[in-house]
Amino acid sequence: MGSFLSKLAQTDPAVFGSVDEVITITSGDYKGQQVPVRRFVEADVGMKFPIVDLSDKLYNANGPWPEEYPFPPAAFRRQDETDDEDFYSMPRLGYHIDEGAVRSLTNYYKNNVANGSSILDICSSWVSHYPTDFPKTMSRISGTGMNALELGANKQLSDFTPKNLNVDPKLPYEDESFDVVTCVVSVDYLIHPLDVFREVNRVLKPGGQFILSQSNRCFPSKAIAMWLQQSDLQHCLVIAAYFHYSGGWAAPARIYNASPQGPRTDNPLFVVEATKGKSSEPPKIDASRWLKK
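Residues in the sequence shown are numbered consecutively from 1, following full-length UniProt numbering.
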């Protein structure tokens, strides 16, 4: 029965919303190894994807921002301070969020990224969660991430450059190269977030979007210390703080609850995004009572 279901998923993805494949690793220590993977594909599987704007509610509940950056160095320590490249050296050809969160994010991109855009996916992997037609409808999809083998297996990228942003946060792209930059469930691993956000701002065109998504999953040993002490909504405000203190954004970051509804939707999903502009009027928030935990 298992074999039959696997073959059916391959030949009719609309039935299960996934396809089974075998990826052959082509370089490195794992060259020649064949890895079975299952990819989610767009299909109506009985889920709904409501979007709830939490921005004003969260901002109004937290007073003004501190004048100075409120995160101490200890906030960015990790349980595992060994070389990140060693930790990520083995390809992880699986999803880091569940099916519902993946589909909700794909749906968000479908409704919020304009046709013809040039896109950069930072902290990328073997999947970017974009709609299936994006490689045809977008002008460019670039990726940068820790593992070259994962990036090479990403069918949606038109080009990629491996990069450890915790060692060197400079992005390997020219000024104003992209209309959209995305980052999926990875901001919690950045130890120099302001530098990365400023780099994203640099490579975005005026009016370009930086779209970050976050759920409740992580590798605890590599997540920054303060992340492990905070709730989902506090995580969203941390990301909003990164936008605020990095500067260069046209308006305060918007915070959305994009959690899916329906079967196989256990993980929440939140989106925090802002648009590049010449000046920024940040919200008046004082989150210091939890930012300094």
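Note that the Cβ used here is the ideal one computed from N, Cα and C, for glycine as well. Every value quoted in this text rests on a predicted model; they were computed, and no experiment measured them.
Open item on the list: Taking only three categories from DSSP, how would you classify residue 276?
Closed with: Taken through DSSP and simplified to helix, strand or coil, residue 276 comes out as strand.
Open item on the list: So, under 8 Å CB-CB, residue 141 and residue 119 are touching, yes? Tell me the CB distance rounded to an integer number of Å.
Closed with: Contact holds; Cβ gap of about 5 Å.
Open item on the list: Suppose you measure from the CA of residue 253 to the CA of residue 199; what does that come to, to the nearest Å?
Closed with: Cα to Cα, the separation comes out at about 17 Å.
TODO: Kindly list the residues whose CB is nearer than 8 Å to the CB of residue 181, restricted to its own chain and excluding five residues on each side of it in sequence; keep chain order.
DONE: 119, 120, 121, 122, 200, 203, 204, 208, 209, 210 and 211
Task: Delimiting residues of the beta strand (DSSP E) encompassing residue 256 - done: 254-257
- [ ] Closer than 7 Å by C-beta to residue 53: which residues in its own chain qualify, once you throw out the five before and the five after it? Chain order, please.
- [x] 254 and 256
- [ ] Output the boundary residues of the alpha helix (DSSP H) element that contains residue 104.
- [x] 99-112
- [ ] Let me know if residue 61 comes out buried or exposed under the rule of 16 or more other beta-carbons within 10 Å of its beta-carbon.
- [x] exposed
- [ ] Quick one: residues in its chain with C-beta nearer than 6 Å to the C-beta of residue 171, no 5 flanking neighbours on either side, listed in chain order?
- [x] 199 and 203
- [ ] Starting from residue 261, follow its DSSP beta bridges and name the residues at the other end.
- [x] The partner list for residue 261 (beta bridge, DSSP) reads 48.
Open item on the list: According to DSSP, residue 143 sits in a beta bridge with which residue or residues?
Closed with: Bridge partners of residue 143: 121 and 160.
Open item on the list: Output needed for residue 4: all residues of its chain with C-beta closer than 6 Å, excluding positions within five of it in sequence on either side, in chain order.
Closed with: Caution applies to residue 4, whose pLDDT of 34 falls short of 50 and renders its modelled position unreliable; the model cannot decide the point.
Task: residue 11 versus residue 58 - alpha carbon distance - done: Residue placement at residue 11 is poorly supported in this model, since its pLDDT is 44, which falls under 50; the coordinates are not used for a value here.
Open item on the list: Assuming contact is defined by CB atoms lying nearer than 8 Å, are residue 125 and residue 138 in contact in what I supplied?
Closed with: no
TODO: Report yes if the C-beta distance between residue 242 and residue 270 is below 8 Å; otherwise report no.
DONE: no
Open item on the list: Under DSSP, the beta strand (DSSP E) around residue 204 begins and ends at which residues?
Closed with: 204-214
Open item on the list: Let me confirm a value: residue 274 is counted as buried when at least 16 other C-beta atoms fall within 10 Å, else exposed. Which label applies?
Closed with: Classification for residue 274: buried.
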